[in-house]
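Asks:
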Amino acid sequence: SAVISQKPSRDICQRGTSLTIQCQVDSQVTMMFWYRQQPGQSLTLIATANQGSEATYESGFVIDKFPISRPNLTFSTLTVSNMSPEDSSIYLCSVLTGGTEAFFGQGTRLTVV
Amino acid sequence: KQEVTQIPAALSVPEGENLVLNCSFTDSAIYNLQWFRQDPGKGLTSLLLIQSSQREQTSGRLNASLDKSSGRSTLYIAASQPGDSATYLCAADTDKLIFGTGTRLQVFP
Chain A
132 SAVISQKPSR DICQRGTSLT IQCQVDSQVT MMFWYRQQPG QSLTLIATAN QGSEATYESG
192 FVIDKFPISR PNLTFSTLTV SNMSPEDSSI YLCSVLTGGT EAFFGQGTRL TVV
Chain H
4 KQEVTQIPAA LSVPEGENLV LNCSFTDSAI YNLQWFRQDP GKGLTSLLLI QSSQREQTSG
64 RLNASLDKSS GRSTLYIAAS QPGDSATYLC AADTDKLIFG TGTRLQVFP
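Protein chains in written order, with my numbering: chain A, 132 to 244; chain H, 4 to 112.
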């Protein structure tokens, strides 16, 4: 298993500003994943973050809007840039252990006003 | 393109009932199928992981089955309790996790 600490747990932000979400894992992992869960929806993968290389973004997500850092094997950040109310969602980070089982952080509940 | 569907979307039952939650997927070429629980506004808690070569997994009152050929998985919850109230999500792993839209379960005393 893996224990993932994600913060902040929630935030209310003004439109046009940026928020950086942090994710810390209790063990070294090759890949970390960032998801978005819009209100009433299921999870959508934003990007996959590997240490030492640029993140790989899914269709519909771009680096300028969601820059990701992965400075080491236990830590990653996701920034939501130039926020609008449409960015109000729960953002979650995730890792795979043993290459198969996924574990998630507790999520960051973002409200943009 | 993998699509994952969960039925029912919502379920409300009295305490003590045995429940079956359904998950179907369109592409049978999956590595595994994972069930999660999500409490309101929170992250996901892994419940059970079924590898593609397995047919079922059990943990306490939970049992999950997998039928790849028919593209189906079921989560069986025995003797439901109010503490089981949450949204249950399944996810099919085909290089990346594709999530269903979830079943919102309410168990009342």
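The C-beta atom is built at its ideal place from N, Cα and C for all residues, glycine as well.
Have a look at S140/A, V211/A and T205/A and flag the residue whose alpha-carbon is nearest the alpha-carbon of L227/A.
Replies: Residue T205/A is the option with its Cα nearest to L227/A.
Asks: Smallest Cα separation from Q60/H: which of V110/H, L47/H and S76/H?
Replies: Per the Cα distances, S76/H.
Asks: Just the chain H side, please: which residues come within less than 8 Å of Q237/A by C-beta, in chain order?
Replies: Chain H residues near Q237/A: K45 and G46.
Asks: Taking C-alpha atoms, which residue in G238/A, S220/A, N203/A and V243/A lies nearest to K138/A?
Replies: That would be G238/A, whose Cα lies nearest to the Cα of K138/A.
Asks: Have a look at T106/H, E20/H, G63/H and G44/H and flag the residue whose alpha-carbon is nearest the alpha-carbon of S27/H.
Replies: Nearest option by C-alpha distance: T106/H.
Asks: Nearest to A67/H by CA position, among I80/H, S56/H, G74/H and S73/H, is which residue?
Replies: Nearest C-alpha to A67/H: I80/H.
Asks: In angstroms with no decimal places, state the Cα-to-Cα distance between E217/A and V243/A.
Replies: One C-alpha to the other measures close to 8 Å.
Asks: Near D96/H, which residues of its chain fall below 8 Å by C-beta distance, leaving aside the five closest residues on each side in sequence?
Replies: Closer than 8 Å at the Cβ level, and outside the excluded window around D96/H, lie I33, Y34, N35, L36 and Q37.
Asks: Kindly list the residues whose CB is nearer than 6 Å to the CB of L24/H, restricted to its own chain and excluding five residues on each side of it in sequence; keep chain order.
Replies: Cβ neighbours of L24/H beyond the five flanking positions: L78, Y91 and T106.
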